[in-house]
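All remarks here apply to the structure that follows.
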Amino acid sequence: MLTVNLTPAVVAPPDPDRILHALLTHAERVLASYGPFLLPAVVGVAATLALVVSLVRQRRHAALVRGARTVTISLPPDVDPAGGKALWANLLGLLRPRWRRLLAGQPHVAFEYAWTTAGLQLRLWVPGNIPPDLVEAAVEAAWPGARATTGPAGPPLPKVVCSTGGRLRLARPDHYPLRHSHDADPLRALLGAAANVHDGESGCVQILARPVTGRRLAAAYQSAAALRGGGSPRLVVRLLDLLTPGPSRPANSSAVLRDHPERAAEVTAILDKAGHPRWAVEVRYAVATTNATSQPDAAVAARLNGRAHQVASAFALYSGSNHFRRCRLRDVTRALAGRWLGRGFLLSVPELAALAHLPLDAAVPGLQRAGARPVAPPSQVPSPGPDVKPLGAAEVGTGRPVAVRVADARHHVHVLGATGVGKSTLLARMILADAAAGRGAVVIDPKGDLVTDLLPRLPAHVAGRTVLFDPDDQGAPPVLNVLDGPDTDLAVEHLVGIFAKIYKEFWGPRTDDVFRAACLTLTGGRGPVSLADIPRLLGEDAYRRRAVAAVHDPVLRGFWTWYEQLSGAHRSFITAPLLNKLRAFLLRPFVRATLAGDTTTVDMPAVLDGGLCLVRLPKGSLGEDTTRLLGSFLLARVWQTVTHRARTSEHTRRDASVYIDEAHNFLTVPHGLDDMLAEARAYRLSMVLAHQNLAQLDPELRDAISTNARNKIYFTVSPEDAHQLRRHVQPALTEHDLAHLGAYQAATRLVVDNAETPAFTLHTQPLPPSSRGRERMIRMAAHAHHPAEAPSTRRVGRPFPADRRPATTSKESD
0 MLTVNLTPAV
10 VAPPDPDRIL
20 HALLTHAERV
30 LASYGPFLLP
40 AVVGVAATLA
50 LVVSLVRQRR
60 HAALVRGART
70 VTISLPPDVD
80 PAGGKALWAN
90 LLGLLRPRWR
100 RLLAGQPHVA
110 FEYAWTTAGL
120 QLRLWVPGNI
130 PPDLVEAAVE
140 AAWPGARATT
150 GPAGPPLPKV
160 VCSTGGRLRL
170 ARPDHYPLRH
180 SHDADPLRAL
190 LGAAANVHDG
200 ESGCVQILAR
210 PVTGRRLAAA
220 YQSAAALRGG
230 GSPRLVVRLL
240 DLLTPGPSRP
250 ANSSAVLRDH
260 PERAAEVTAI
270 LDKAGHPRWA
280 VEVRYAVATT
290 NATSQPDAAV
300 AARLNGRAHQ
310 VASAFALYSG
320 SNHFRRCRLR
330 DVTRALAGRW
340 LGRGFLLSVP
350 ELAALAHLPL
360 DAAVPGLQRA
370 GARPVAPPSQ
380 VPSPGPDVKP
390 LGAAEVGTGR
400 PVAVRVADAR
410 HHVHVLGATG
420 VGKSTLLARM
430 ILADAAAGRG
440 AVVIDPKGDL
450 VTDLLPRLPA
460 HVAGRTVLFD
470 PDDQGAPPVL
480 NVLDGPDTDL
490 AVEHLVGIFA
500 KIYKEFWGPR
510 TDDVFRAACL
520 TLTGGRGPVS
530 LADIPRLLGE
540 DAYRRRAVAA
550 VHDPVLRGFW
560 TWYEQLSGAH
570 RSFITAPLLN
580 KLRAFLLRPF
590 VRATLAGDTT
600 TVDMPAVLDG
610 GLCLVRLPKG
620 SLGEDTTRLL
630 GSFLLARVWQ
640 TVTHRARTSE
650 HTRRDASVYI
660 DEAHNFLTVP
670 HGLDDMLAEA
680 RAYRLSMVLA
690 HQNLAQLDPE
700 LRDAISTNAR
710 NKIYFTVSPE
720 DAHQLRRHVQ
730 PALTEHDLAH
740 LGAYQAATRL
750 VVDNAETPAF
760 TLHTQPLPPS
770 SRGRERMIRM
780 AAHAHHPAEA
790 PSTRRVGRPF
800 PADRRPATTS
810 KESD
């Protein structure tokens, strides 16, 4: 009987030893049969591939170096601690698509700390195939207020005699993170090592970084899984686990974490790092000297080695689950200059930001901070064109020209800044634009340089309508009789008020009374009179009697009745304070010729309706008080002329401007400046007021200008002024920005269509080149507007015009 055994067969498990033995035996037979032919072929193919790969990498690197640039970073006043993360997160945009990486490779950048005896520089090396302004914009976006200055790339270290250095590598696999969270700035140790360098010494820490994607990033998750399961993250160990007897991992991962609690922290750290974008990084450092000293080579090398060790030791602060170890680097100077990045090790964005960021401390020795933050102008700010006045060029973007509309300039312009920062250049360009467009302008220049710069650059067609006051000109000046005008009462009011403000410390009610009565008496006659007649009126009895005879005002006649009753000594006592001030400037030939002429030769209405009046009053030639008086007289005459525009309809009034440099010297009109600025706008008169600091203005003037001069252009100012002016430019600009503006850089807030725009920054543009012979042509044309007699021969002493009787006695004769 046939019986069937239904017991299931037991299949023996494969013996790993037998499998490994079989594989080795088979490999040995293959090598024995094909080895003599296969091995050279494999070696040849491998060598060819290595050569091709090397050539491709060299060609790719040459493309990076070609046209490379260096972006030097100037620190903002306050460094945002999150700026480093923002920078490296933004620069992930450099990652190319997969097909481009396969064809042309992935470009990298280099963040460098470089120091010499001149100071510390922070810079980014950018390959030439990265679009311009991409990295620069990322820097300025990461740290608002930082300044990124681009220049051609050069070697990180100057030409050296002796150098040493190395590179830093991770001591453990790169899925283990470095410490990137610190209570204080981790750069302090590095910056301390870079300080106090000897003469001729230099150094550099170079951090090369390239964004990474793809399968290389997945290794961190595999390592975390292996640690959690009790296995090893190393590939070799995992292969041996497969080939050797026994299970490859414990059955329960919880048991592994319980038996090895440190692995839980490592897994968490690995997964935290893997959750961030990562960069392939390499860190190099070098110190060098450029001096061929008389010290033994061993002594120089020992000092450099010590400083290199100090630099490398500064990176111990980053030790955490991973840490750095030092490695040798051959020819460190050439290695740093090449900026070659191989495979590198992986760092997350927070790790890389901890290594490569701007110092957080407020005071860093040898490190230059950025000046004012460049701010783009609002879109509504106009560019030069018809009916605008050019101001300069924007500092952000394409650097487009910016201007102020003529209608908006009627809100007046306040220009403030220290000497030599660009105020005169700004004023000159605005004046030239007015002259070219046929708009009237009056320029009062107490230093003389502004008018000197304008004369050879004025358009030729303004020669016939230019009036020039210049004490250094050998010809006769124009005549501006301050007692001659369409409204003599207003002229007297301005004249007395100007004297009272300029000499306020020495001006009393009696002097004011005498001066006012003398001026009103002279202007009451039928002929021309001038300031030069006041001493005769007060000191010569016959001249005074003839003048008083023409007075019909009983109050004014009462003054002279009282005056005649005084003794000679008493008269001298009350008139001396006035006469010594008059003589102080009438003794100057230029002043006497300008103010003591018979009839005014300056047609101020014509000037404001399209002419140009240049008033050059250098204090060095005339003295401060005389300069202030002359400039104030000119401004008063302008205002008298402008107020007569009230008799014409508004649409017929032509735009005109008054440019006053060192304006605090001339704002001496009797009525308030705030009223003058408010009324001038209705008369289409724009006032451009320039000076150096707020301390030059008394509180009343300061408030009037702050309120009514709504267009603000501030060049660099003192910290005290910056504190007061900040409210005009916030929030776009800060107090620090106002105090740290560069040369020819200005913080600007304009009025556009009666509304104030946000503040922005601009750079003034240079003046156009001068024209040969233009100044001589302008001066000759200006001389033709007034008599050609010399200033020293102009007649100033005349009988009173209203008197028709000849002098009858020697006592009454002149």
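Following numbering that gives the first Met the number 0, the numbering of the sequence shown begins with 0 at its first residue and continues without gaps.
We put the CB at the ideal spot given by N, CA and C, even for glycine.
Just so you know, these numbers come straight off a predicted model, no measurement behind them.
Check, Outcome
"Residue 93 and residue 129 closer than 8 angstroms at C-beta", "yes"
"Nearest residue (CA-CA) to residue 749, options 109, 378, 267, 636", "378"
"Cα-Cα separation, residue 816 to residue 552", "This structure cannot settle anything about residue 816, because the visible part of the chain is limited to 0 through 813."
"Buried versus exposed, by CB contacts within 10 Å (16 or more), residue 376", "buried"
"Among 581, 404, 95, 103, the one whose alpha carbon lies nearest that of residue 57", "103"
"Reduced DSSP secondary structure (H/G/I, E/B, other) of residue 769", "coil"
"Neighbour-count burial assignment, residue 564, 16 or more Cβ in a 10 Å radius", "exposed"
"Touch test, the stretch 163 to 174 against the stretch 132 to 147, Cβ-Cβ under 8 angstroms, three pairs minimum", "no"
"Proximal residues to residue 272 (C-beta, below 6 angstroms), its chain only, five neighbours per side dropped", "176, 347"
"Beta-carbon separation (whole angstroms), residue 618 vs residue 445, contact threshold 8 angstroms", "6 angstroms"
"Delimiting residues of the alpha helix (DSSP H) encompassing residue 707", "698 to 707"
"Closest Cα partner of residue 732 within the set 40, 76, 69", "76"
"Close Cβ partners of residue 756 (< 7 angstroms) along its chain, the five nearest in sequence each way excluded", "377, 379, 380, 748, 749"
"Contact set for residue 721: own chain, Cβ-Cβ below 7 angstroms, skip 5 residues either direction", "734, 737, 738"
"Inter-residue Cα distance where the pair is residue 843 and residue 538", "This structure gives no information on residue 843, because the portion of the chain shown stretches from 0 to 813."
"Straight-line Cα distance separating residue 392 from residue 368", "23 angstroms"
"Helix, strand or coil at residue 602 [DSSP, three-state]", "coil"
"Residue 141 and residue 85 closer than 8 angstroms at C-beta", "yes"
"Cross-strand partners of residue 325 (DSSP beta bridge)", "167"
"6 angstroms Cβ shell around residue 624 - same chain, five flanking residues per side excluded", "none"
"Environment of residue 356 [buried if 16+ CB atoms lie within 10 Å]", "buried"
"Local conformation of residue 380 per DSSP, three classes", "coil"
"Outcome for residue 370 when other beta-carbon atoms lying within 10 angstroms are tallied against a minimum of 16", "buried"
"Other residues of its chain near residue 364: CB distance less than 6 angstroms, five sequence neighbours each side excluded", "194"
"4-residue-minimum alpha helix (DSSP H) runs that sit fully inside the stretch 83 to 137, ordered along the chain", "97 to 103"
"Residue range of the unbroken alpha helix (DSSP H) whose run includes residue 433", "422 to 436"
"Cβ contact check for the stretch 641 to 649 and the stretch 422 to 438: 3 or more pairs under 8 angstroms", "no"
"Pick from 267, 315, 343 that is closest to residue 215, judged by C-alpha positions", "343"
"Delimiting residues of the beta strand (DSSP E) encompassing residue 504", "Looking at the DSSP string, residue 504 is not in any beta strand (DSSP E), and its letter there is neither H nor E."
"Local conformation of residue 788 per DSSP, three classes", "Low local confidence applies: a pLDDT of 45 at residue 788 is under 50, so the model's placement there is unreliable, and no value is given."
"Residue 710: first and last residue of the uninterrupted beta strand (DSSP E) it sits in", "710 to 713"
"Rounded Cβ spacing between residue 742 and residue 758 (contact assumed at less than 8 angstroms)", "No, residue 742 and residue 758 are not in contact; Cβ-Cβ is about 19 angstroms, not under 8 angstroms."
"Reduced DSSP secondary structure (H/G/I, E/B, other) of residue 808", "Because the pLDDT at residue 808 is just 34, under 50, the model does not fix this residue reliably, and the value given afterwards should be weighed accordingly. If DSSP states are grouped into helix, strand and coil, residue 808 belongs with coil."
"Cα-Cα separation between residue 583 and residue 479, rounded to whole angstroms", "18 angstroms"
"Sequence ranges, alpha helix (DSSP H) only - wholly within the stretch 133 to 221, length at least 4", "133 to 141, 186 to 193"
"For residue 652, three-class secondary structure by DSSP", "coil"
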